[in-house]
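Colleague: Supplied in structure tokens, the structure appears directly below.
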Amino acid sequence: MNLIGINVGIVNTVENRMIGAQAGIVNLSNKDSYGAQISVYNASKAKIVGAQVGIVNTSGNTYGAQAGIVNTSKGNTYGAQVSLYNSSQNQMIGTQIGIANSSQGSTYGAQIALVNTAKDKRAGIQAGLINYSEGQSNGLQTGIVNVGSQKSGFDITVGAGNFQTKGMMIGGLNLYSEGVNVGIMNEQGNGFNLGALNIQGKGINVGILNGGSGIHIGLINAAGEEDTNEPTLEFGLLNFCGKGILPVMILFNYCR
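Residue numbers in the sequence shown follow our numbering, run continuously in steps of one, and reach 259 at the last position.
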């Protein structure tokens with residue numbers, strides 16, 4: 004049967020649609036819920052349009068807010084999740100704030116926590132100690148460690164260590180990242196690498212010590228460590244080439 008009004012008790016169960024509020028220890032709505040669920044455990048199997056406030060909140064699609072210790076949206080999430088652990092299994096449009104946030108579908112909005120994970124972050128912000136983004140990723144990542152996997156798109160990534168990211172990276176260490184890398188050390192970066200130390204970079208490398216292939220501009224440049232390395236132009240005080248006619252040159256060298 005449907006509930007239109009207020010359900011107050013220890014265990015509250017609505018078999019069909021709920022319009023109004025449930026308050027108790029356990030609140031269960033087996034279909035759509037419109038309003039509020041307030042208890043230790045709240046569950047709306049189909050969707051919740053409104054708010055869930057409790058220790059554990061779970062729903063199908065979520066339109067509104069979930070606030071508790073553990074929030075789980077098994078469908079799409081449109082709104083806010085605030086708890087220690089927030090999970091959205093499909094599309095998330097809105098905000099997740101907690102200790103750990105997870106969005107497994109397309110993500111639009113903000114994740115703020117110690118640990119954030121997102122798949123296909125189409126447009127949004129990740130702010131935390133550790134940020135992980137997989138697939139399409141556009142927006143901002145800021146944290147101590149930022150990690151990407153199979154990334155496409157363009158992120159501005161700021162952190163002490165950035166790994167397999169894409170876009171513009173600013174950090175102490177940028178590793179296996181593609182785009183513009185600005186850091187103390189850039190290793191195996193692809194694109195434009197600006198740092199004190201650029202190791203095995205591809206593209207344009209500007210720093211004190213540069214290695215890899217492309218164009219090197221720095222104090223000491225080295226290229227041609229492997230026969231398969233692409234041709235490299237070197238501009239610097241000392242320019243080394245492991246496979247060229249001239250192994251070392253001052254000011255300029257061409258390593259093919």
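Idealized CB from N, CA, C, for every residue including glycine.
1. What are the partner residues of G204, as DSSP defines its beta bridges?
2. For the beta strand (DSSP E) that A103 lies in, which residues bound it at each end?
3. Going by alpha carbons, who is nearest to G164 out of S180, G156 and F157?
4. Looking only at C-alpha atoms, which of G53, K48 and I173 sits nearest to T61?
5. So if DSSP puts D158 in a beta bridge, which residue, or which two residues, is it bridged to?
6. What number of angstroms, rounded off, separates the C-alpha of L200 from the C-alpha of V209?
7. Comparing the C-beta of R125 with each C-beta of chain D, is any distance below 8 angstroms?
8. Identify the continuous beta strand (DSSP E) that holds K34 and give its terminal residues.
9. Take V29 as the anchor and find which of F166, G57, I22 and M21 has the nearest alpha-carbon.
10. In chain order, what residues of the same chain lie with their CB nearer than 7 angstroms to the CB of R125, ignoring the 5 residues before and after it?
11. Along the chain, where does the beta strand (DSSP E) containing E237 start, and where does it finish?
12. Which value, in whole angstroms, describes the spacing of the CA atoms of F243 and N224?
13. Could you tell me the distance, in whole angstroms, from the CA atom of Q92 to the CA atom of G146?
14. From this set, N79, E190 and A103, which residue's C-alpha is nearest V85's C-alpha?
15. Can you tell me which of the three DSSP states R125 falls into?
16. Just how far apart, CA to CA, sit P250 and I133?
17. Identify whether Q153 lies in helix, strand or coil by the three-state DSSP scheme.
18. Pull up the distance between the alpha-carbon of T95 and that of Q191, whole angstroms please.
19. What are the partner residues of I133, as DSSP defines its beta bridges?
20. Quickly, what does DSSP pair V17 with across the bridge? List them, please.
21. What separation, rounded to the nearest whole angstrom, lies between the Cα atoms of A130 and L178?
22. For T110, list the residues DSSP reports as bridge partners.
23. Note down the Cα distance separating I253 from I207, rounded to an integer number of angstroms.
Modeller: Reading it off the structure:
1. Residue 204 sits at position 201 when you count from the first residue of the sequence shown. DSSP lists G215 as partners of G204.
2. Along the sequence shown, one-based indexing puts residue 103 at 100. Where A103 is concerned, the enclosing beta strand (DSSP E) stretches over A103 to S106.
3. If you number the sequence shown from 1, residue 164 lands on position 161. Among S180, G156 and F157, the Cα nearest to that of G164 belongs to S180.
4. What you label residue 61 is simply residue 58 of the sequence shown in a count that begins at 1. Taking only the C-alpha atoms, the option nearest T61 is K48.
5. Position 155 of the sequence shown, counted from the start, is the residue given in the question as residue 158. DSSP, once it has assigned bridges, lists G142 and G170 as partnering D158.
6. Counting from 1 along the sequence shown, the entry for residue 200 is found at position 197. Counting from 1 along the sequence shown, the entry for residue 209 is found at position 206. Roughly 9 angstroms separates the two Cα atoms.
7. Structure shown: chain D not included; a single protein chain is present.
8. Sequence index remark: in the sequence shown, residue 34 carries index 31 (1-based). It is not in any beta strand (DSSP E) - K34 carries neither H nor E in the DSSP assignment.
9. The residue labelled residue 29 in the question sits at position 26 within the sequence shown. Closest option to V29, Cα to Cα, is G57.
10. Along the sequence shown, one-based indexing puts residue 125 at 122. Only S109, T110, Y111, Q139 and N141 meet the Cβ criterion.
11. For this step, residue 237 is matched to residue 234 along the sequence shown. E237 -> beta strand (DSSP E) spans T235 to C244.
12. As a first step, residue 243 must be located in the sequence shown, where it is residue number 240. As a first step, residue 224 must be located in the sequence shown, where it is residue number 221. Going from the Cα of F243 to the Cα of N224 covers about 6 angstroms.
13. If you number the sequence shown from 1, residue 92 lands on position 89. If you number the sequence shown from 1, residue 146 lands on position 143. If you take the alpha carbons of Q92 and G146, they lie about 23 angstroms apart.
14. Along the sequence shown, read from residue 1 onward, the residue named residue 85 stands at position 82. The option with the nearest alpha carbon to V85 is A103.
15. Taking the first residue of the sequence shown as position 1, residue 125 is located at position 122. R125: strand per DSSP, three-state reduction.
16. Walking along the sequence shown from the start, residue 250 turns up at place 247. Walking along the sequence shown from the start, residue 133 turns up at place 130. Computed Cα separation, rounded: 43 angstroms.
17. Reading the sequence shown from its first residue, position 150 is the one you call residue 153. Here Q153 sits in strand by DSSP.
18. Your numbering for residue 95 matches position 92 in the sequence shown. Your numbering for residue 191 matches position 188 in the sequence shown. First, the amino acid is wrong: residue 95 is Met here, not Thr. Approximately 33 angstroms, taken between the alpha carbons.
19. Counting from 1 along the sequence shown, the entry for residue 133 is found at position 130. According to DSSP, I133 bridges with V118 and V148.
20. Taking the sequence shown and counting its residues from 1, the one referred to as residue 17 is at position 14. DSSP lists S32 as partners of V17.
21. Position 127 of the sequence shown, counting from 1, holds the residue named residue 130. Position 175 of the sequence shown, counting from 1, holds the residue named residue 178. Roughly 20 angstroms separates the two Cα atoms.
22. What you label residue 110 is simply residue 107 of the sequence shown in a count that begins at 1. Answer by DSSP bridge pairing, in chain order: M95 and K124.
23. Position 250 of the sequence shown, counting from 1, holds the residue named residue 253. Position 204 of the sequence shown, counting from 1, holds the residue named residue 207. Cα to Cα, the separation comes out at about 19 angstroms.
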